[in-house]
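As structure tokens, the structure follows; a few thoughts come after it.
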Amino acid sequence: MFGKGIIKGFIETARNFAGSYHDPARMVTLQYPEEKRALPENSRNFPFLVFDGNDPIKGLRCVSCKICEKECPPQCIYIVNERDERGKPLKHPKIFDIDISVCMSCQICVEVCPFDSIKMDQAYELSATERFKKLILHKQDLAKSNDYYHRIHPTEADAVDAILEAERKQHEAKKSAASSETPPAKQ
Amino acid sequence: MADIGMESAVGISAAGDGAGPGYRLLAKESPEEEGRFLEISMGPQHPSTHGVFRMDVLLDGETVVRLKPVFGYLHRNHEKIAEGTTYLGSMPYTDRLDYFNSMTNNWAYALAVEKLAGISVPERAEYIRVITAEMTRLQNHATLMGFLLQDLGAMGTPLMYAFREREKILDLFEAVSGSRMMCNYMRFGGCRVDLPSGWLEETVRLVDEFPGFLDEFEALLAENEILMARLQGVGVLSAALAVNAGVTGPMLRASGVNYDIRKVDHYGIYDRFKFRVPLGAHGDCYDRLMLRLLEMRESIKILKQALKQIPSGPVIDPKVKIRNFKPKPGEAYGRIEGPKWELGFYLMSDGSASPYRYRVRPPSLINLTVLEDLCIGQKVADVVVILGSVDIVLGEVDR
């Protein structure tokens, strides 16, 4: 019979329509600004800098080695070293900017960072009216505490903390071994 | 390639009119032909063109006489950028080629680099790759069918059904890779991170539920008289033309040519799975649509087997360096059967940290070359449908 297929299709549509009132498999829409989806732990959006302790600037783990700046595919990171009064570079960034209008959240900076100092954030409501004032994030906007990192990526943060702790212990053991075995040469 | 299309479509007028280089229409202006043909420009801002794509269509009444695809509006200089950055640095750019299928794009690129540098991939990573690639195929085909029906005038309903299913797959992609569409998940020698806990169980549930959606979609479409009238016998691609034009993937198989790189190349671990390659008989739009439905069913079979067999173990070869990755001089071509068709990456290394030559074999572009042959003699309303059944993504055509 001509039209049978169309009627079959309409039955399917009607089933879906009725289901959208009671069947959880059909009720998938979220009313976005009012309702928000819980993000999965791995979810990533623009990077941020982790700091330990209480001072967001002094506690930064970043040593300004500029590896992320070099490896960043769209080249959205800009770093300038802090220097002491004699011009010797210190292990601290003076400027650390990320242009998030260029950043594509690819996570390569996180992967190449040897000091676990840059990590991916999950904040996504970042629209702004002014690109150069709001979308270029400076050191103070990027610095977020280790507690925040633990909140958004708990499993990953625990693993990172364990690695850092092991490194610190190893470092201390080496230091104490070196100081006990060989006395300082010149005093 | 892109500028060849531009040139032949607009053409620079012959010198001598004194006005300098200008543009002329495609239609020849002779007195007897005056007013017979109508040249219209469909796109780049056209709801049916699947992106910023323009078709210069020459019409005799409603029949298409000539059609020139014009593209390049989305050109991003992907290949040249890749030659200036590191090997790893172009991985996130491959996500943006065919933005529906970033997992398979990543895999094709990783495969090419692994061939170049002679890297082996751990067992678990191979399984993860197969699982994510087949899920990509599911969501790509579901989206394509939805969009094709949208082009036919089924406003919204089938597309939304398809998107509902696609969302579930994208949620799983986000859980494993961190991003819904720009996954950037594969690495040379494996995958970036291991699967999160509970992911496999959720995937098993999704794979169990997915055939229900396919049945629903089939009930919606398969016997629909309007659909058959609009699709059967429209845009017939003969097997000989398909082979000569280098068309691959579902479009080639809809013309009845049995060629699936999963079966031919056995890349990854595809030789371990039992699945069949569906073939079309007529090569028309209806075959292309239904073939994708059948392919989804085969993908479900592969997924079920892979989810049963997946072993535990490492997901990445720890010897592969992330920084200072410098493969030995040489060349390699890695290709996979992407959801759209054969996606290949050709790489040439000179021993430095960035490739000397980087070339993408973009399936969307190569399958577009037969668009004119498919459209000539058809009605202008069918051009929209034929383009929809070719299933292009402009991110890949223009690169």
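Chains as they are written, first to last, in our numbering: chain B, -16 to 170; chain G, 6 to 404. Cβ coordinates follow ideal geometry from the N, Cα and C atoms, glycine included.
Legend entry - Straight-line gap, V390/G to Y132/G (C-alpha atoms, nearest Å): Locating residue 390/G in the second sequence gives position 385, where the first residue counts as 1. Locating residue 132/G in the second sequence gives position 127, where the first residue counts as 1. Distance between the alpha carbons of V390/G and Y132/G: 36 Å.
Legend entry - M187/G, enclosing beta strand (DSSP E) - first and last residue: Within the second sequence, numbered from 1, the residue matching residue 187/G stands at position 182. Here M187/G belongs to no beta strand (DSSP E), and DSSP marks it neither H nor E.
Inset, instruction - Consider the Cβ of E88/G: report whether some Cβ of chain B lies at a distance smaller than 7 Å. - result: By 1-based counting over the second sequence, the position of residue 88/G is 83. So no, E88/G is outside the interface.
Legend entry - Proximity of W204/G and V181/G at Cβ, strictly below 7 Å: The sequence position of residue 204/G within the second sequence is 199, counting from 1. The sequence position of residue 181/G within the second sequence is 176, counting from 1. Yes, they are a contact pair.
Inset, instruction - Examine chain G for any beta-carbon lying closer than 7 Å to the beta-carbon of E150/B, and answer yes or no. - result: Indexing the first sequence from 1 puts residue 150/B at position 167. E150/B is outside the set of residues whose beta carbon lies under 7 Å from a beta carbon in chain G.
Legend entry - the stretch 133 to 142 of chain G in contact with the stretch 108 to 115 of chain G per 3-pair CB rule at 8 Å: In this structure the stretch 133 to 142 of chain G touches the stretch 108 to 115 of chain G; the number of beta carbon pairs closer than 8 Å is three or more.
Legend entry - Beta-bridge partners of A337/G, as assigned by DSSP: Locating residue 337/G in the second sequence gives position 332, where the first residue counts as 1. Its beta-bridge partners are L352/G.
Legend entry - Cβ-based burial, F280/G [other Cβ within 10 Å; buried from 16]: To locate residue 280/G, count along the second sequence from 1; it is residue 275. With 16 or more other Cβ atoms within 10 Å, it is buried.
Inset, instruction - May I ask you to list the residues that DSSP assigns as paired with S46/G? - result: Sequence index remark: in the second sequence, residue 46/G carries index 41 (1-based). Answer is D61/G, bridged to S46/G.
Inset, instruction - State buried or exposed for H80/G, treating a residue as buried only when at least 16 other CB atoms are found within 10 Å of its CB. - result: Along the second sequence, read from residue 1 onward, the residue named residue 80/G stands at position 75. That one is exposed.
Inset, instruction - Indicate the three-state DSSP secondary structure (helix, strand or coil) for P97/B in the structure shown. - result: Sequence index remark: in the first sequence, residue 97/B carries index 114 (1-based). The three-state secondary structure of P97/B, taken from DSSP, is coil.
Inset, instruction - Determine the chain G residues that contact V11/B at a beta-carbon separation under 8 Å, and present them in chain order. - result: For this step, residue 11/B is matched to residue 28 along the first sequence. Under the 8 Å cutoff, chain G gives R169, E172.
Inset, instruction - Name the residue from K384/G, G251/G, V395/G, V365/G whose alpha carbon lies nearest to the alpha carbon of Y98/G. - result: In the second sequence, counting from the first residue as 1, residue 98/G sits at position 93. Of the candidates K384/G, G251/G, V395/G, V365/G, the one whose C-alpha sits nearest the C-alpha of Y98/G is V365/G.
Legend entry - Among S317/G, Y363/G, D156/G, K326/G, nearest to E336/G - alpha-carbon criterion: Counting from 1 along the second sequence, the entry for residue 336/G is found at position 331. It is Y363/G whose Cα lies nearest to the Cα of E336/G.
Inset, instruction - Identify whether L118/B lies in helix, strand or coil by the three-state DSSP scheme. - result: On the first sequence, residue 118/B is found 135 positions in, with the first residue counted as 1. Coil, per DSSP.
Inset, instruction - Find out if the Cβ-Cβ distance for the pair L232/G, L226/G is shorter than 7 Å. - result: By 1-based counting over the second sequence, the position of residue 232/G is 227. By 1-based counting over the second sequence, the position of residue 226/G is 221. Yes; because the gap between Cβ atoms is below 7 Å, this pair is in contact.
Legend entry - Backbone CA spacing between R197/G and I321/G [nearest angstrom]: On the second sequence, residue 197/G is found 192 positions in, with the first residue counted as 1. On the second sequence, residue 321/G is found 316 positions in, with the first residue counted as 1. Answer to the nearest angstrom: the Cα atoms are 7 Å apart.
Legend entry - Interfacial residues, the stretch 178 to 197 of chain G to chain B, with Cβ spacing under 8 Å: E179, A180, V181, S182, G183, S184, M187, N189, R197
Inset, instruction - Could you tell me which chain B residues have their CB closer than 9 Å to the CB of N229/G, listed as they occur along the chain? - result: In the second sequence, the residue the question calls residue 229/G occupies position 224. Chain B residues near N229/G: G(-12), I(-11), K(-9), G(-8).
Legend entry - Buried or exposed (CB count within 10 angstroms, at least 16 for buried), P26/G: In the second sequence, the residue the question calls residue 26/G occupies position 21. Below a pLDDT of 50, predicted positions are generally treated as unreliable, and P26/G, at 40, falls in that range; the measurement from the model is reported next regardless. Exposed, since its Cβ has fewer than 16 Cβ neighbours within 10 Å.
Inset, instruction - Determine whether the Cβ of P332/G lies closer than 7 Å to any Cβ atom of chain B. - result: Against the second sequence, residue 332/G aligns to sequence position 327. At a cut-off of 7 Å between C-beta atoms, P332/G does not count as an interface residue with respect to chain B.
Legend entry - Proximity winner among L348/G, Y338/G, V402/G, V395/G, relative to A123/G (alpha-carbon distances): As a first step, residue 123/G is located in the second sequence; it is residue number 118 there, counting from the start. The sequence given here places Gly at residue 123/G; Ala does not occur at that position. Here the closest residue by C-alpha is Y338/G.
Inset, instruction - Could you say if the stretch 58 to 77 of chain G and the stretch 29 to 44 of chain B meet the contact criterion of at least three C-beta pairs nearer than 8 Å? - result: no
Inset, instruction - Could I get the ranges of all uninterrupted alpha helix (DSSP H) runs contained in the stretch 214 to 239 of chain G, with 4 residues as the minimum, in chain order? - result: As far as the stretch 214 to 239 of chain G is concerned, its whole alpha helix (DSSP H) runs of at least 4 residues are 230 to 236.
Legend entry - Span of the alpha helix (DSSP H), counted from its first residue to its last, around R268/G: Residue mapping note: residue 268/G aligns to position 263 of the second sequence, counting from 1. The sequence given here has Lys at residue 268/G, not Arg. First-last of the alpha helix (DSSP H) with K268/G: 266 to 269.
Inset, instruction - Indicate whether I60/B and L120/B have their beta-carbon atoms separated by less than 7 Å. - result: Residue mapping note: residue 60/B aligns to position 77 of the first sequence, counting from 1. Residue mapping note: residue 120/B aligns to position 137 of the first sequence, counting from 1. No; because the gap between Cβ atoms is not below 7 Å, this pair is not in contact.
Legend entry - T68/G - partner residues in DSSP beta bridges: For the purposes of this step, residue 68/G is identified with residue 63 of the second sequence, where counting begins at 1. Its beta-bridge partners are D65/G, K384/G.
Inset, instruction - To the nearest angstrom, report how far apart V262/G and T12/B are at their CA atoms. - result: As a position in the second sequence, residue 262/G is number 257, starting the count at 1. As a position in the first sequence, residue 12/B is number 29, starting the count at 1. Roughly 41 Å between the two C-alpha positions.
Inset, instruction - Quick one: residues in its chain with C-beta nearer than 6 Å to the C-beta of R129/G, no 5 flanking neighbours on either side, listed in chain order? - result: Translated into the one-based positions of the second sequence, residue 129/G becomes position 124. Answer for R129/G: P316, G318, V320, listed in chain order.
Inset, instruction - Could you check what DSSP says for C48/B in three-state terms: helix, strand or coil? - result: The count along the first sequence starts at 1 and reaches residue 48/B at position 65. C48/B: coil per DSSP, three-state reduction.
Inset, instruction - Name the two residues that bound the continuous beta strand (DSSP E) containing I40/B. - result: Within the first sequence, residue 40/B is the residue found at index 57, counting from 1. From DSSP, I40/B is part of no beta strand (DSSP E); its letter is neither H nor E.
Legend entry - Partners in chain G for P137/B, counting only beta-carbon separations shorter than 7 Å: Residue mapping note: residue 137/B aligns to position 154 of the first sequence, counting from 1. Around P137/B, no beta-carbon contact reaches into chain G at under 7 Å, the shortest distance being about 11 Å.
Inset, instruction - Measure the C-alpha to C-alpha separation of R293/G and S260/G and round it to an integer number of angstroms. - result: Within the second sequence, numbered from 1, the residue matching residue 293/G stands at position 288. Within the second sequence, numbered from 1, the residue matching residue 260/G stands at position 255. Roughly 8 Å separates the two Cα atoms.
Legend entry - Simplified DSSP state of L73/B, which is helix, strand or coil: For the purposes of this step, residue 73/B is taken as residue 90 along the first sequence, with counting starting at 1. Strand, per DSSP.
Inset, instruction - Taking only beta-carbon positions, decide if A224/G is within less than 7 Å of chain B. - result: Looking up residue 224/G in the second sequence gives position 219. True, the Cβ-Cβ gap to chain B drops below 7 Å.
Legend entry - Rounded straight-line distance, which links the Cα of E347/G to that of G251/G: Start at 1 with the first residue of the second sequence, and residue 251/G comes out as number 246. Start at 1 with the first residue of the second sequence, and residue 347/G comes out as number 342. If you take the alpha carbons of G251/G and E347/G, they lie about 10 Å apart.
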